[in-house]
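Numbering follows full-length UniProt numbering, with no gaps: position 242 of the sequence shown is 242. Yeah, the Cβ is synthetic: ideal placement off N, Cα and C, and Gly gets one too. Structure record follows, encoded as C-alpha cells.
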Amino acid sequence: MRRAAGAAIVAVLVSAACADAQPRVPARDPVTLDLPARDTANPMALVELHFPSGGARLNGLLYLAPGKGPHPTVVLLHGYPGNERNLDLAQAMRRAGLNVLFFHYRGAWGSGGEFSFDNAQADVAAALRFLRDSVNATRHRIDRRRLALVGHSMGGWLALRGAAADPTVACAAGLEFWDVGREGVAMRKDSAARAEFLAYTTDITAPGAPLRAAGGAAALVKAMLDRGDEWALAASAPALRARPVLLLDNTANTSHAPLADALRKAGNARVATHVWPTDHSFSDRRVGLARTVIDWLRTDCRL
C-alpha cells in the first residue's frame, strides 16, 4: 500500500533518458497478441489450487503456459492488502511462455490463518516449496530450476526479501514496492505517519475487510516499529548481489536512493531500473509494465 506520509516505496533512479525509454517489442508481442494456434496436447490453463503454509491453507491460481515444458515459473506477489492484483501481467507472462503462480497470504482475501509480516514472508517460501515439489512440478510443467519472484507494493518487498533468503531463486522484481522495514524505522520518529498507518490498517483488518491480522492493526504497526532495521531492504542487498534485480518506480518518489546505494555498494551489476510518470498501480502504463517485466525476464533473468 502506498502511504502518503513516511512511505518507503523504493526503486533505483535512472537517468532522464532511461526514464523515458521504451522496452523493445518482440516480433510476436505477448503483451498485445494472442498465440496464433492452440496447443491441444498441452494447452494454456488456469488451475485453482491450495497449498499449505504454517498450518493454514492458502488460496492460489496457477496460470499454465502452453507446451510440454517444463516452463520457467514466476511467483506474482500482491500488496497490502492487495487491491491491485496485476493479473493482466500474469496473462501476458503466460503468453510469453512462463507459468505464473498468484496466491493470497495467510489471513488475506479468504486464505486460512492470520496475516502478519512474518507470516507473509514464510508464505512466499511455502509457495516456492510448492513449485519445487516433484509431483507438482511434473503435473504443472514447472522447471524447478528457473523460478522468479515478482511483486507489487508490499509484494515487491516480499519478492526481494524472499530472493535474499533463498539463493536458488533466479531473480527478483519490485514494482513500486513498499519497504516495510524502512517505513517502520521512519514511523518511530513520525507520530503523524504512525497514526495514519494505524488508521488505514485498522480499516483493512476490520471484520469483513481483506485482512485478518494476528493481534489486529496495533500488532502490525508494532512489528514494523520493532523489526524495521531487520526488515529494511538495504539489509538484504548483499544477499542479492549476484542475481538480476528489476526495480520500477514513479517519478513522484525519491525514497528509493538508499536501496540503490546499498545494491551498488554490495556489488550488484545487474540491477535494471525504470522510473515513469505514473501512479502507484501503473494505471496508465499497463502495457509498458508488462512489456518491461517480460523483456527483463527473458534477457536479464534468462527465463
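Outcome for residue i when other beta-carbon atoms lying within 10 angstroms are tallied against a minimum of 16
i, result
"residue 95", "buried"
"residue 304", "Given a span of 1 to 303 for the chain in the structure shown, any question on residue 304 remains unanswerable."
"residue 267", "exposed"
"residue 162", "buried"
"residue 72", "buried"
"residue 304", "With the chain represented from 1 up to 303, any question about residue 304 goes unanswered, as that position is not in the structure."
"residue 207", "exposed"
"residue 297", "buried"
"residue 36", "exposed"
"residue 213", "buried"
"residue 101", "buried"
"residue 305", "With the chain covering only 1 through 303, there is no way to say anything about residue 305."
"residue 46", "exposed"
"residue 127", "buried"
"residue 277", "exposed"
"residue 50", "exposed"
Own chain, CB closer than 6 Å to residue i, minus 5 neighbours either side, in chain order
i, result
"residue 156", "174, 175 and 177"
"residue 109", "210"
"residue 290", "31, 89 and 92"
"residue 104", "59 and 111"
"residue 239", "164"
"residue 21", "Since pLDDT at residue 21 reaches only 43, below the 50 mark, its modelled position is unreliable, and the value read off the structure follows with that caveat. There are no such residues."
Cβ neighbours of residue i in the same chain (closer than 7 Å, five flanking residues each side left out)
i, result
"residue 185", "228, 229 and 232"
"residue 43", "66"
"residue 234", "258, 259 and 262"
"residue 56", "106, 111, 112 and 113"
Same chain, Cβ closer than 8 Å to residue i, neighbours up to 5 away in sequence not counted
i, result
"residue 41", "68"
"residue 147", "72, 73, 74, 75, 128, 131, 132, 168, 169 and 170"
Any non-hydrogen atom of the ligand HEM within 7 Å of residue i CB
i, result
"residue 221", "As far as ligands go, the structure on display features none, and thus does not contain the ligand HEM."
Residue i: first and last residue of the uninterrupted alpha helix (DSSP H) it sits in
i, result
"residue 87", "87-95"
"residue 249", "Where residue 249 is concerned, there is no enclosing alpha helix (DSSP H), although the beta strand (DSSP E) it sits in stretches over 245-250."
"residue 197", "191-204"
"residue 293", "286-299"
"residue 228", "216-231"
"residue 260", "257-265"
Strand pairing of residue i, partner residues [DSSP]
i, result
"residue 152", "175"
"residue 306", "Look at the range of the chain in this structure, 1 to 303, and you will see that residue 306 is not part of it."
"residue 185", "Residue 185 is not bridged to any residue."
"residue 213", "115"
"residue 75", "101 and 149"
"residue 109", "In the DSSP output, where bridge partners are listed per residue, residue 109 has none listed."
Residue interval of the beta strand (DSSP E) (run including residue i)
i, result
"residue 103", "99-103"
"residue 274", "271-276"
- [ ] Would you check if there are 3 or more beta carbon pairs closer than 8 Å linking the segment 64-83 to the segment 143-152?
- [x] Yes, they touch.
Task: Segment contact flag, the segment 186-194 with the segment 163-170, C-beta cutoff 8 Å, min 3 pairs - done: The segment 186-194, when compared against the segment 163-170, does not touch it at the 8 Å Cβ threshold.
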